[in-house]
Each structure stands twice: as C-alpha cells, then as structure tokens.
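So the structure is just underneath, and the comments pick up after that.
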Amino acid sequence: MRKITLAAAVTLLAAPLAAQTSPQVTNDLTVTIAPQQYRICNDRPGRPTWMDEVHPREAYKALTLMDLYELRAWEQIVETGNCGCEVRFPAWEDASEEFNERYLLASASEHTAAQRDIRQLRNELRHAVQDICEAQGNW
C-alpha cells in the first residue's frame with residue numbers, strides 16, 4: 000500500500016512540472032528563418048552559394064575555401080593592425096578566385112594536405128590576430 004501511495008504522490012507532484020516543460024505543439028507549418036545573429040559583425044558578406052549546396056562527399060572543398068578565406072583575412076589583420084569588420088570578414092571573391100585557381104580540381108587528399116598547411120599558417124597568426132582584435136573589441 001505504501002508503494003502505491005508513494006507512486007501516486009510522485010506522479011501528482013511531477014505532473015505540473017511535466018506540463019510546464021512540454022514543448023508547444025501547433026499545426027502552423029510556416030517556415031520562419033531569421034537571419035543568423037553573431038556576437039560581432041552581423042553584416043558579414045554571404046559566402047558563395049555553392050558552399051551551401053555542395054554534395055556531402057565534396058564538403059572538403061567548402062572547408063578548404065573557408066580555411067583559405069580566414070587565413071587571408073587574418074593576414075590582412077596582422078598586416079594592417081586593423082580588426083574592423085570589413086577586414087575581418089572581407090568579400091569572398093578574392094578567396095574564391097584563389098581557391099578556383101589552386102584547389103578546384105585537386106583531389107580529396109590534396110585538399111586535406113592544403114587544409115593542414117593553411118591551418119598551420121593560420122595557427123601561427125592566431126595570437127597576433129587575437130591580440131589585435133581583442134584590443135579593438137572585435138574578438
């Protein structure tokens with residue numbers, strides 16, 4: 000009898016909690032996609048559309064371009080000492096052009112090697128870039 004009473008008491012006490020944390024279910028199927036909000040520099044240029052549409056087996060190409068884009072931006076930050084949004088997040092055209100010239104027709108293993116080299120160069124710049132950007136409130 001005690002076990003039944005205890006089980007009933009726990010169930011009655013847990014019911015309001017479960018009701019409060021239940022997700023709201025609606026029949027509204029409207030898709031609402033709000034623009035992504037960042038902590039800094041919300042007016043970043045959009046990346047090339049092919050990066051969002053790339054086949055999963057070729058996602059390494061998009062990763063190579065993203066790494067190259069960030070490396071070139073970080074090089075500019077160190078060179079100019081400026082970490083403004085226009086320097087930290089430049090237009091994608093230059094990085095895309097370099098990617099197309101150097102890596103577009105490369106094999107997956109060549110992309111892997113390129114990503115490793117690009118990330119190594121980027122890691123060498125990391126502390127300098129972080130110091131500059133933190134001083135300017137943009138890290």
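Per numbering that gives the first Met the number 0, residue 0 is the first one in the sequence shown, and the count goes up by one each step.
We treat Cβ as the ideally placed atom computed from N, Cα and C, and that holds for glycine.
Computed from a prediction, not measured in an experiment: that's the story for all the values here.
Of all the options 95, 36 and 136, which has the alpha carbon lying nearest to the alpha carbon of residue 69? Among 95, 36 and 136, the Cα nearest to that of residue 69 belongs to 95.
Rounded to a whole number of angstroms, what is the C-alpha to C-alpha distance between residue 55 and residue 102? So the two alpha carbons sit approximately 17 Å from each other.
Applying the criterion that 16 or more other CB atoms from any shown protein chain within 10 Å of the CB defines a buried residue, is residue 73 buried or exposed? Buried.
With distances taken Cα to Cα, identify the nearest neighbour of residue 118 among 132, 71, 46 and 89. Answer by Cα proximity: 71.
Just the C-alpha distance for residue 84 and residue 43, rounded to the nearest angstrom, thanks. Approximately 8 Å, taken between the alpha carbons.
Tell me the DSSP secondary structure of residue 35 in three-state form. Note: residue 35 maps to coil in three-state DSSP.
Inter-residue Cα distance where the pair is residue 98 and residue 107: One Cα belongs to residue 98, the other to residue 107, and the distance between them is close to 14 Å.
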